[in-house]
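All remarks here apply to the structure that follows.
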């Protein structure tokens with residue numbers, strides 16, 4: 005399976021990596037490893053994570069308070085809509101569903 009990040013989701017990740025790197029050098033790398041771990045699980049078992057709105061699913065990152073919102077586009081493509089802190093307003097990712 006291939007994973008495609010929407011422009012907004014890529015921006016979410018850059019923002020998070022920047023914030024973590026400013027907190028402590030090397031912390032952004034740990035965040036990236038957690039992200040890759042979740043991405044690997046989604047590739048293996050894309051339907052294992054709970055549906056949260058329509059066809060959008062939610063996967064929690066290990067050790068970080070972030071949530072990846074994604075949907076299956078076809079049999080071999082996963083579209084990541086957002087990757088946000090779990091305390092962020094849900095309207096931020098929900099607005100990305102229809103676009």
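In my numbering, the protein residues as written are 5 to 103.
We treat Cβ as the ideally placed atom computed from N, Cα and C, and that holds for glycine.
Please classify residue i as buried or exposed, where buried requires at least 16 neighbouring CB atoms within 10 angstroms.
i          : result
residue 43 : buried
residue 61 : buried
residue 16 : buried
residue 23 : exposed
residue 13 : buried
residue 39 : buried
Per DSSP, which residues does residue i bridge with? Please list them.
i          : result
residue 64 : 71
residue 18 : Per DSSP, none; premise fails for residue 18.
residue 24 : Answer by DSSP bridge pairing: none, since residue 24 is not bridged.
residue 8  : 83
residue 34 : For residue 34, which the question treats as bridged, DSSP gives no partner whatsoever.
residue 88 : 71
To the nearest whole angstrom, what separates the beta carbons of residue i and residue j, a pair I think is in contact under 8 angstroms?
i          : j          : result
residue 85 : residue 74 : 6 angstroms
residue 50 : residue 5  : 7 angstroms
residue 83 : residue 77 : 5 angstroms
Taking a contact to mean a Cβ-Cβ separation below 9 angstroms, would you say residue i touches residue j in this structure?
i          : j          : result
residue 88 : residue 71 : yes
residue 52 : residue 35 : no
Helix, strand or coil, according to DSSP, for residue i in the structure here?
i          : result
residue 52 : coil
residue 82 : strand
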